[in-house]
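Enquirer:
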Amino acid sequence: MNFYDQGLPILGGLVVFSLILIPAHRMPLQPTWIFDFDSTLVRVEALDELADIALAGVPDRQVQLERIRQVTRLGMEGAMSIEQSLQSRLALLSLRPEMIPALIERLVANFTPSFWRLRDRLAMMRDQIWVVSGGCHEWIEPTVSRLGLRTDQVIANRLRRRSDGTLELDPHSPCAVDHGKATAIMARNLAKPRIMVGDGMTDWQVRELNACETFVCFTEVVHRESVATKADAVAASLEEVLAIDIQSTPES
Ligand SMILES: [Mg+2]
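For the sequence shown, the working numbering assigns the number 228 to the initial residue and increments by one for each residue that follows.
1) The beta strand (DSSP E) that contains V404, what's its start and end?
2) Using 7 angstroms as the cut-off, classify the Cβ of D265 as near or not near the heavy atoms of ligand 1, replying yes or no.
3) Mind reading off the beta-carbon distance from L465 to F342? Whole number of angstroms is fine, and I expect it under 8 angstroms.
4) Once the 5 residues before and after V424 are set aside, which same chain residues still bring their CB inside 6 angstroms of it?
5) According to DSSP, is E467 helix, strand or coil?
6) In three-state terms, what does DSSP make of L396?
7) Based on Cα-Cα distance, which residue from E365, G305, L282 and H399 lies nearest to I213?
8) Is S360 helix, strand or coil when you go by DSSP?
9) Would you mind stating whether Q291 and L313 have Cβ atoms separated by less than 8 angstroms?
10) Given this structure, state the Cα-to-Cα distance separating R353 from D287, to the nearest angstrom.
11) Flag this pair as touching only if the region 264–278 and the region 411–429 have three or more C-beta atom pairs under 8 angstroms; answer yes or no.
12) Would you mind reading off the limits of the alpha helix (DSSP H) that contains A350?
13) Does the Cβ-Cβ distance between L386 and L394 come in under 8 angstroms?
14) Evaluate R270 with the Cβ neighbour count: other Cβ atoms within 10 Å of its Cβ, from every protein chain shown; 16 or more gives buried, anything less gives exposed.
15) Is E304 near R451, with beta carbons less than 8 angstroms apart?
16) With distances taken Cα to Cα, identify the nearest neighbour of A403 among S315, R294 and Q289.
17) Indicate whether G361 and I309 have their beta-carbon atoms separated by less than 8 angstroms.
18) Within 10 angstroms of the Cβ of P398, are there 16 or more other Cβ atoms? Answer buried if so, exposed if not.
19) I'd like the list of long-range same chain contacts for Q380, defined as Cβ closer than 6 angstroms, with 5 residues on each side in sequence excluded.
As structure tokens, then:
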């Protein structure tokens, strides 16, 4: 039997027949996973770590650090706008380019345990995974690449160099404005269903503005009740996130 004359059409027929037999609602979905970075993919807040590095040797370091942590908390809980929170924290630091490699080293040492456990699976899913953050490309890209994720699927802010050599936020940063994450995701036209996974209020806003179909509140690092109560699902690990039945969650 010539395979190309007889075998191939038969094989093609079998594939089509199998697809007809699988009811549409049982067809496996290929969602787009959108992960937050701070307190989700890593178990720290990058800007807190950066503050710790930047303020090394500063006399009132502890006072400054606590001030920055408080601003981070206010931003995460939605009590302060994301833009205000980010600008306030950066203003408290005299950030220099040589501080960034030290930050990356800390971030890589602090992957959230379940993300590190499932790194092989994440690397296999890399084309379906985006990372969206109010942090900066300068440290997020080198960090996510260590998990096997795509650096061209990161949506974040950027730094630019001032004339005195210190770093400041690039004013065109997409995630440094209120609802920036949602706006940036919508602009990408990502495949549906889109599942946003994060711990903070800015992650919930992605769902609120319909830039994703499902929002999973991620609590492995920190449990924010104000965010968890709004979520479609709550997950305490990446294993729990990936086990969520997408078919039964709303609007997908
Ligand atoms: Mg976060």
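Beta carbons: idealized from backbone N, C-alpha and C, even for Gly. Fair warning: this is a prediction, and the values are worked out from it, not measured in the lab.
Expert: So, to answer that:
1) Stepping through the sequence shown from its first residue, residue 404 is reached at position 177. Segment: none, V404 is in no beta strand (DSSP E) and carries neither H nor E.
2) Residue numbering aside, residue 265 sits at position 38 when the sequence shown is read from its first letter. Yes, ligand 1 has a heavy atom inside 7 angstroms of this Cβ.
3) Here the question's residue 465 lines up with position 238 in the sequence shown. Here the question's residue 342 lines up with position 115 in the sequence shown. Confirmed, about 5 angstroms.
4) In the sequence shown, residue 424 corresponds to position 197, counting from 1. Counting only Cβ-Cβ distances below 6 angstroms, and skipping sequence neighbours, we find F262, V443, F445 and V468.
5) Position 240 of the sequence shown, counted from the first residue, corresponds to residue 467. In the structure shown, E467 sits in a helix (DSSP, three-state: H, G or I).
6) Counted from its first residue, the sequence shown places residue 396 at position 169. Three-state result, L396: strand.
7) Because the chain here runs from 228 to 479, residue 213 falls outside it and cannot be looked at.
8) For the purposes of this step, residue 360 is taken as residue 133 along the sequence shown, with counting starting at 1. Strand.
9) As a position in the sequence shown, residue 291 is number 64, starting the count at 1. As a position in the sequence shown, residue 313 is number 86, starting the count at 1. Not closer than 8 angstroms, so no.
10) For this step, residue 353 is matched to residue 126 along the sequence shown. For this step, residue 287 is matched to residue 60 along the sequence shown. So the two alpha carbons sit approximately 43 angstroms from each other.
11) yes
12) For the purposes of this step, residue 350 is taken as residue 123 along the sequence shown, with counting starting at 1. For A350, the enclosing alpha helix (DSSP H) covers residues R346 to M351.
13) Counting from one through the sequence shown, the residue named residue 386 turns up at place 159. Counting from one through the sequence shown, the residue named residue 394 turns up at place 167. Contact: yes.
14) Taking the sequence shown and counting its residues from 1, one reaches residue 270 at position 43. Counting the other Cβ atoms within 10 Å of the Cβ of R270 gives 16 or more, which makes it buried.
15) For the purposes of this step, residue 304 is taken as residue 77 along the sequence shown, with counting starting at 1. For the purposes of this step, residue 451 is taken as residue 224 along the sequence shown, with counting starting at 1. Yes. Within cutoff.
16) As a working note, residue 403 is residue 176 in the sequence shown. The residue with the shortest Cα to Cα distance from A403 is S315.
17) In the sequence shown, residue 361 corresponds to position 134, counting from 1. In the sequence shown, residue 309 corresponds to position 82, counting from 1. The answer is yes: Cβ separation under 8 angstroms.
18) The sequence position of residue 398 within the sequence shown is 171, counting from 1. The residue is exposed, with fewer than 16 neighbouring Cβ atoms inside 10 Å.
19) For the purposes of this step, residue 380 is taken as the residue at position 153 of the sequence shown. Closer than 6 angstroms at Cβ, skipping near neighbours: W357.
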